[in-house]
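*Asks:*
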Ligand code: ADP
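Residue numbers (my numbering): 547 to 1106.
(1) Any beta carbon of chain D sitting closer than 7 angstroms to that of residue 619?
(2) Along the chain, where does the alpha helix (DSSP H) that runs through residue 823 open and close?
(3) Leaving aside the five residues before and after residue 1047 along the sequence, list all residues of the same chain whose C-beta is less than 8 angstroms from its C-beta, in chain order.
(4) Closest to residue 813 by C-alpha separation, out of 804, 825, 807, 806, would be which residue?
(5) Can you check which of these residues, 952, 878, 711, is closest to residue 932 by C-alpha distance?
(6) Consult DSSP for residue 914 and reduce its assignment to one of helix, strand or coil.
(7) Looking only at C-alpha atoms, which of 917, 760, 807 sits nearest to residue 794?
(8) Can you give me the start and stop residues for the alpha helix (DSSP H) that residue 721 sits inside?
(9) Let me make sure I understand the geometry here. Which of 588, 608, 976 has the alpha-carbon closest to that of residue 600?
(10) What is the rounded straight-line gap between the Cα of residue 647 and the Cα of residue 655?
(11) Are the beta-carbon atoms belonging to residue 740 and residue 573 less than 7 angstroms from one another?
(12) Rounded to whole angstroms, what is the Cα-Cα separation between residue 865 and residue 559?
(13) Grab me the residues of residue 1030's own chain with a C-beta within less than 6 angstroms of its C-beta, minus the 5 sequence neighbours each way, in chain order.
(14) Based on Cα-Cα distance, which residue from 730, 980, 701 lies nearest to residue 607?
(15) Once the 5 residues before and after residue 1085 are set aside, which same chain residues still bring their CB inside 7 angstroms of it?
(16) Would you please state the rounded distance, in angstroms, between the beta carbons of residue 512 and residue 805? I believe it to be under 8 angstroms.
(17) Could you tell me which uninterrupted alpha helix (DSSP H) segments, each at least 4 residues in length, are contained entirely in the stretch 1020-1102, listed from first to last along the chain?
(18) Could you spell out the range, first to last residue, of the beta strand (DSSP E) harbouring residue 629?
(19) Please classify residue 674: is it buried, with 16 or more other beta-carbons within 10 angstroms of its beta-carbon, or exposed?
(20) With residue 705 and residue 719 assumed to form a contact (beta carbons below 8 angstroms), what rounded beta-carbon distance in angstroms separates them?
(21) Going by DSSP, which residues form a beta bridge with residue 698?
(22) Give the range of the beta strand (DSSP E) segment to which residue 836 is assigned.
(23) Identify whether residue 753 lies in helix, strand or coil by the three-state DSSP scheme.
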């Protein structure tokens, strides 16, 4: 049944009714639009099986309809959750649309979580079906006995690649399920507030929490993030999302790309610098998106081999603070525009991006850089506020910091299966507390100085761990650096810098500390530097500072 109406039925009595169509914002409509208007535009995927697969939006839309039919045949009802453990690829893309488009809920699972956490979230989401790629067969075999609610296991491959033997009972083959269907399926229209996908927060503390996105929130997020001051997506782009589809929907790119009819290039499991660079070049990629650590690999590879980027023009970097040194390298050495973005699972995930206003073009380059290094301005659809300890709004002067709150069309109002509301009432409006500490300037440029739990509180003053890290990362011999709070008897906390040297480089504690001279106020310079081989990261590639704080809990600062 079509829900398209000529006018909205919610016009209050006495008000003039508008005479406009009202159509529910359906995720399936994005793919239908791409198939009708950019039908021959390609989707290229590096497969787990090793080869490159290519087909078009028209093919993808037909196969997604078959997926919807296959899910129906498995006995899934409206609202049922279907879990995916998959890389960025066309089969995962089809599941996004086949599942959500048929009024089921796509639960993307981050395979980098601990196995116990995966079992926990599969149970929490009540997944009925689990679709997974060959890479994860050993993981799922181990977990299957604990996944008692899962009725069907589907391996995302063809018959030829199905295992001869497996411990998983009645393991189904995805290609067989799809090929058994005829595609004679009409995408249903229903209430746009219906749940479409679930993504769990990374859960560095406690159990992960499920953010449940709706069709409406997902489509509006895709629409806004395609705008020029956001990701600037268009039909002339070839887009390679490095950010995983298994976490916050690859920042919405599998939705924004069909919305504008852009070519999509999926890297599959091969996320190393060499594989990514090869795909950038061979598929004439113009735009990419990823966390900073991904770019460390790409830059290293290009430096070693003396390579360039011939078509890639811009990239969004976010998920954790992009070190300014990385921005400069990508811009100056490789001609890449870096768009620094901030977001979180609870925001689907995009909240802000750093793009200049017209008046900023007249500023000296260095000042322009300083703005672009911030996490940027909020998109239309998201509002921001910074508040003090008792909720009082702080001035937007670019200096004063406060707890960052947001509200908007693609911000969660609660979590799956939890009654308590995370929202805070301020000024008669409900706000979501992000857990980040930030300043906002008069032009609306937001700068994250810390996660509230990572702030270093030295004698009542706050030191930004991100600022300390950014300076360290600008040192030519530093590969990665984390600043953490270390206990101090007098100051309560003082900064300790944990550094990974670049391979083969010599670098002493004193050289690192000297590097801070003149770059930051003296009292903010770290008290000590320790060198490690590796900094632990979360399942989404962020530095695990809680683990570092634990590792260095007994560390004695000099002079203490
Ligand atoms: P994920 O999407 O990886 O699950 P989370 O929701 O766990 O992310 O974490 C979101 C947090 O990541 C933000 O609250 C913020 O602390 C951090 N973050 C994201 N983008 C940036 C950025 N550009 N700069 C600094 N911190 C960021």
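Positions of the beta carbon are idealized from the N, C-alpha and C atoms, including for glycine. Just so you know, these numbers come straight off a predicted model, no measurement behind them.
*Replies:* So, to answer that:
(1) As a matter of chain content, chain D is missing from the structure shown, which is built from one protein chain.
(2) Residue 823 -> alpha helix (DSSP H) spans 819-828.
(3) 1023, 1024, 1025, 1053, 1077
(4) 825
(5) Nearest in C-alpha terms to residue 932, of all of 952, 878, 711, is 952.
(6) helix
(7) 760
(8) 720-725
(9) 588
(10) Answer to the nearest angstrom: the Cα atoms are 19 angstroms apart.
(11) no
(12) Their Cα atoms are separated by approximately 46 angstroms.
(13) Cβ neighbours of residue 1030 beyond the five flanking positions: 1042, 1091, 1094, 1095.
(14) 730
(15) 656, 658, 659, 748
(16) In the structure as shown, the chain begins at 547 and stops at 1106. Residue 512 is therefore absent and cannot be evaluated.
(17) The stretch 1020-1102 contains these whole alpha helix (DSSP H) runs: 1055-1062, 1091-1097.
(18) 627-631
(19) Buried, by the Cβ-count rule.
(20) Contact check for residue 705 and residue 719: beta-carbon distance about 6 angstroms, within the 8 angstroms limit, so the pair qualifies.
(21) Note: residue 698 sits in a beta bridge opposite 675.
(22) 833-836
(23) coil
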